[in-house]
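Asks: Can you read through this structure? Questions will come right after.
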Amino acid sequence: MGNDSLGRPSPPAPSEADRIVREVEALRERLLYFAARRLRSFADAEDVAQETIRRAIEALQAGRIEKPASLPSFLFQTALHVCQRRYRSAGREVKALRRFGASTPESAPDDPLGSLISEERRTAVREALGRLDAEDREILTLTFSEALPTGDLARRLGTTEGNVRVRRHRALGRLARLLGVTRGTPREP
Amino acid sequence: MREIDCTRADETDLVALYLAGKLPENEAEAFETHYLGCERCAAALREGGEIRAALGKPVLVSAPASAEAPGRGQNVWTFLAAAAAVAAFFYGLGHVAQRPQLVTDSAAFRSGSVDSLALTVTAGPAGVVLEWPAHPEAQRYRIEVVRSDGLPVLESETGDRRVELAVVDLPPRPEGVHLIATIEALDDTRQVVAKSRRETLPGS
Chain P
1 MGNDSLGRPS PPAPSEADRI VREVEALRER LLYFAARRLR SFADAEDVAQ
51 ETIRRAIEAL QAGRIEKPAS LPSFLFQTAL HVCQRRYRSA GREVKALRRF
101 GASTPESAPD DPLGSLISEE RRTAVREALG RLDAEDREIL TLTFSEALPT
151 GDLARRLGTT EGNVRVRRHR ALGRLARLLG VTRGTPREP
Chain H
190 MREIDCTRAD ETDLVALYLA GKLPENEAEA FETHYLGCER CAAALREGGE
240 IRAALGKPVL VSAPASAEAP GRGQNVWTFL AAAAAVAAFF YGLGHVAQRP
290 QLVTDSAAFR SGSVDSLALT VTAGPAGVVL EWPAHPEAQR YRIEVVRSDG
340 LPVLESETGD RRVELAVVDL PPRPEGVHLI ATIEALDDTR QVVAKSRRET
390 LPGS
C-alpha cells in the first residue's frame with residue numbers, strides 16, 4: 001500500500017480490497033469460538049465476530065495495521081473490547097428488567113456453538129469414530145470427551161506421555177482419512 | 190501473556206482442554222491469540238469441536254463464572270485503565286454535565302460522503318483537550334482513540350463538544366506507538382453525519 005502526497009496511506013486498489021475482505025472473512029469461525037466462550041450465546045458471538053471483522057477490514061484498508069503479524073493481536077484486542085461492551089450492556093439490561101419486575105432472560109445454552117456443526121457432519125464423524133479400532137477410539141474419547149490432560153491419560157492407560165501423544169496423533173490421522181480430509185488443513189466451511 | 194507456538198499446541202492437549210473449558214484462563218487467552226493467526230490450530234479446533242459434538246459433548250464449554258466478564262484476569266488492568274481513562278475523560282475540566290453512556294450499538298455510515306468535522310487537539314491541565322464544532326444534525330458525538338499500530342484504546346459517546354483525555358491513565362504503549370483520536374457526529378438514527386480527520390494526540 002503506497003502513500004499519497006501528504007504521506008497518508010492511499011486507499012487499496014479494488015483487488016487488494018477484495019483480498020483483505022476475503023482474508024479477514026476467513027477468520028470468522030475463529031472469532032465465533034473466541035466470542036462464544038465469553039458470551040455463551042451463538043447469536044451474540046456472531047454479532048461480535050461481525051463487528052470485529054468490520055473493524056479489522058476498516059483498519060487494514062486505512063493502513064492502520066501495517067504488518068500482517070499484527071492482525072491476530074488486533075483481532076484479539078478488538079474482539080475482547082466488543083465482548084466487554086456487549087457484556088456490560090447485557091448487565092444493564094438485566095438490571096433494567098429487574099427494576100421493572102420482569103423476569104431475567106433465560107439462561108444461556110450449554111452448547112453455544114452447537115449449531116456450527118450440522119447433524120449430518122456429527123453423524124459422519126460418529127460413524128468414522130465407530131470404524132476406528134478400539135485403542136484409537138479410546139484415546140480420542142478420553143482426550144476430547146473427558147478432556148483428560150495428557151499426564152492423567154498416560155497414567156490411566158499405563159503408558160508414557162510421549163506414547164499418548166504419538167497414539168493420539170496417529171488416531172487423529174486415521175480418523176481424518178476415514179472422513180476423507182487431510183489433517184492440518186482447514187476444510188471449506 | 191505466555192506465547193504459544195504451534196508445535197506445542199499440536200503436541201499437547203491444548204485444543205481438547207480449551208474446548209472443554211478446562212484450560213486456565215491465562216492459557217486460554219494465550220491460545221486464542223495464537224489460533225487467531227494460525228490456520229493449523231484453527232483446523233485443530235474445528236476437528237476437536239467435531240469430535241466432541243459426535244461424542245455428544247458441547248462443541249465448546251464457556252468460560253467459568255469467575256472469568257465470564259470478558260477481559261478479567263490477564264487483561265483486568267486494561268479494563269481498569271480504560272475505565273479510569275473514561276472517568277478522567279469526562280470529569281477533566283468540569284464541562285461535562287453527566288457521564289455519557291457507553292456505546293451499545295454501532296453507528297452506521299450514511300450512504301455517500303459525510304461532512305468533515307474540524308477537531309482541535311490541545312494540551313490541557315490534566316491531559317489532552319479535544320474540541321470540535323457543533324454539527325446541525327448531530328445528536329451525539331462518538332470519540333474513538335486507537336493506537337498507531339491499529340489497536341483500539343477507547344470508545345465512548347458524549348453530547349458535549351469538548352472533553353479532556355488523561356493520556357497517562359491509558360494502558361502503556363510500546364515505544365514509538367502513539368495515540369490517534371477521531372470524532373464522529375451521529376444523528377438521531379445513529380448514522381454518521383460528519384467525521385473528523387485522525388488527529389495524533391500530543392504527548393502520546
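These protein sequence lines map, in sequence, to chains P and H. Residue 29 in the working numbering sits at position 29 of the first sequence, and the numbers go up by one each step. Residue 356 in the working numbering sits at position 167 of the second sequence, and the numbers go up by one each step. Glycine is no exception: its CB is placed at the ideal position from the N, C-alpha and C atoms.
Examine chain H for any beta-carbon lying closer than 7 Å to the beta-carbon of residue 114 of chain P, and answer yes or no.
Replies: Judged by the 7 Å Cβ criterion, residue 114 of chain P is in contact with chain H.
Asks: Indicate whether the contact test is met: 3 or more Cβ pairs, each with one atom in the stretch 205-213 of chain H and one in the stretch 223-241 of chain H, closer than 8 Å.
Replies: Output reads yes: the stretch 223-241 of chain H touches the stretch 205-213 of chain H.
Asks: In its own chain, which residues sit with a C-beta less than 8 Å from the C-beta of residue 382 of chain H, not counting the 5 before and 5 after it?
Replies: Taken in chain order, the residues that qualify are 299, 303, 304, 324, 326, 327, 374, 375, 376.
Asks: Is it buried or exposed, residue 118 of chain P, if we count other Cβ atoms within 10 angstroms and call 16 or more buried?
Replies: Counting Cβ neighbours within 10 Å, residue 118 of chain P comes out exposed, since fewer than 16 surround it.
Asks: Beta carbon of residue 244 of chain H, beta carbon of residue 317 of chain H: below 7 Å?
Replies: Their beta carbons are not under 7 Å apart, which means residue 244 of chain H does not touch residue 317 of chain H by this criterion.
Asks: Could you name the residues of chain P that residue 365 of chain H contacts, counting a contact when the two beta carbons are closer than 9 Å?
Replies: Those within 9 Å of residue 365 of chain H in chain P number zero; the least Cβ separation is about 12 Å.
Asks: Give, in chain order, every residue of the stretch 203-224 of chain H whose Cβ lies closer than 9 Å to some Cβ of chain P.
Replies: Residues 204, 205, 206, 207, 208, 209, 210, 211, 217, 218, 221, 222, 223, 224.
Asks: If we count the other Cβ atoms within 10 Å of its Cβ and call it buried at 16 or more, is residue 133 of chain P buried or exposed?
Replies: When all chains shown are included, residue 133 of chain P counts as exposed.
Asks: For residue 52 of chain P, which option in P:65, P:43, P:31, P:39 has the closest C-alpha, if you only look at C-alpha atoms?
Replies: Checked all of P:65, P:43, P:31, P:39; the closest Cα to residue 52 of chain P is P:31.
Asks: Can you find a CB in chain H that lies within less than 7 Å of the CB of residue 170 of chain P?
Replies: Residue 170 of chain P does not count as touching chain H.
Asks: Please state whether DSSP places residue 346 of chain H in a helix, a strand or coil.
Replies: In the structure shown, residue 346 of chain H sits in a strand (DSSP, three-state: E or B).
Asks: Counting only the same chain and skipping the five closest in sequence on each side, list residues whose C-beta sits under 6 Å from that of residue 334 of chain H.
Replies: Excluding sequence neighbours, residue 334 of chain H sits near 342, 343, 368, 370.
Asks: So what's residue 373 of chain H in DSSP terms, helix, strand or just coil?
Replies: Residue 373 of chain H falls in the strand class under three-state DSSP.
Asks: With C-beta atoms as the reference, is residue 247 of chain H less than 7 Å away from residue 152 of chain P?
Replies: No; because the gap between Cβ atoms is not below 7 Å, this pair is not in contact.
Asks: Looking at the unbroken beta strand (DSSP E) that takes in residue 304 of chain H, where does it start and where does it end?
Replies: 304-306 is the extent of the beta strand (DSSP E) around residue 304 of chain H.
Asks: Compare the C-beta of residue 30 of chain P with all C-beta atoms of chain H and state if any pair is closer than 7 Å.
Replies: Closer than 7 Å: yes.
Asks: Considering residue 190 of chain P, what are the terminal residues of the alpha helix (DSSP H) in which it resides?
Replies: Any question about residue 190 of chain P goes unanswered here, given that chain P covers just 1 to 189.
Asks: Which residue or residues does DSSP assign as beta-bridge partners of residue 354 of chain H?
Replies: DSSP lists H:317 as partners of residue 354 of chain H.
Asks: So residue 350 of chain H and residue 330 of chain H are in contact, right, with Cβ under 8 Å, and what is the actual spacing, rounded?
Replies: Residue 350 of chain H to residue 330 of chain H, Cβ: 7 Å. Contact.
Asks: Are the C-beta atoms of residue 239 of chain H and some chain P residue less than 7 Å apart?
Replies: Closer than 7 Å: yes.
Asks: Run down chain H in chain order and give the residues with a C-beta less than 7 Å from the C-beta of residue 117 of chain P.
Replies: Near residue 117 of chain P (Cβ distances below 7 Å), the residues of chain H are 238, 239, 242, 248.
Asks: Since I believe residue 177 of chain P is in contact with residue 139 of chain P (beta carbons under 8 Å), could you give me their beta-carbon distance rounded to a whole number of angstroms?
Replies: Contact flag wrong, Cβ pair sits at about 16 Å.
Asks: Show which residues of chain H have a CB atom less than 9 Å away from the CB atom of residue 157 of chain P.
Replies: None at all; the shortest Cβ gap to chain H is about 14 Å.
Asks: So with CB distances below 7 Å, who are the chain P contacts of residue 379 of chain H?
Replies: Within 7 Å Cβ-Cβ: nothing; residue 379 of chain H doesn't reach chain P, min ~14 Å.
Asks: What's the gap between the Cα of residue 126 of chain P and the Cα of residue 135 of chain P?
Replies: Whole-angstrom Cα-Cα distance: 16 Å.
Asks: May I ask which residues mark the beginning and end of the alpha helix (DSSP H) holding residue 125 of chain P?
Replies: Run containing residue 125 of chain P: 119-131, per the alpha helix (DSSP H) assignment.
Asks: Using a Cβ-Cβ cut-off of 7 Å (strictly less than) and excluding sequence neighbours within five positions of residue 366 of chain H, which residues of its own chain qualify?
Replies: The answer, listed in chain order, is 336, 337, 338.
Asks: Please report the residue range of the alpha helix (DSSP H) in which residue 139 of chain P lies.
Replies: It spans 134-140 - the alpha helix (DSSP H) in which residue 139 of chain P sits, taken as one unbroken run.
Asks: Where does the unbroken alpha helix (DSSP H) through residue 168 of chain P begin, and where does it stop?
Replies: Its alpha helix (DSSP H) spans residues 161-179.
Asks: Scan the stretch 37-67 of chain P for residues whose Cβ lies nearer than 7 Å to a Cβ of chain H and list them as they occur along the chain.
Replies: Hits within the stretch, in order: 37, 38, 40, 51, 59, 64, 65.
Asks: So, for residue 154 of chain P: in the same chain, excluding its five sequence neighbours on each side, which residues have a beta-carbon less than 8 Å away from its beta-carbon?
Replies: Taken in chain order, the residues that qualify are 160, 161, 163, 164.
Asks: Using a beta-carbon distance cut-off of less than 7 Å, what residues from the stretch 304-319 of chain H approach chain P?
Replies: Listed by position, the residues of the stretch 304-319 of chain H near chain P (Cβ gap below 7 Å) amount to none.
Asks: Check the Cβ-Cβ distances between residue 142 of chain P and every residue of chain A, and say whether any is below 7 Å.
Replies: In summary, chain A is missing from the structure at hand, where the protein chains are P and H.
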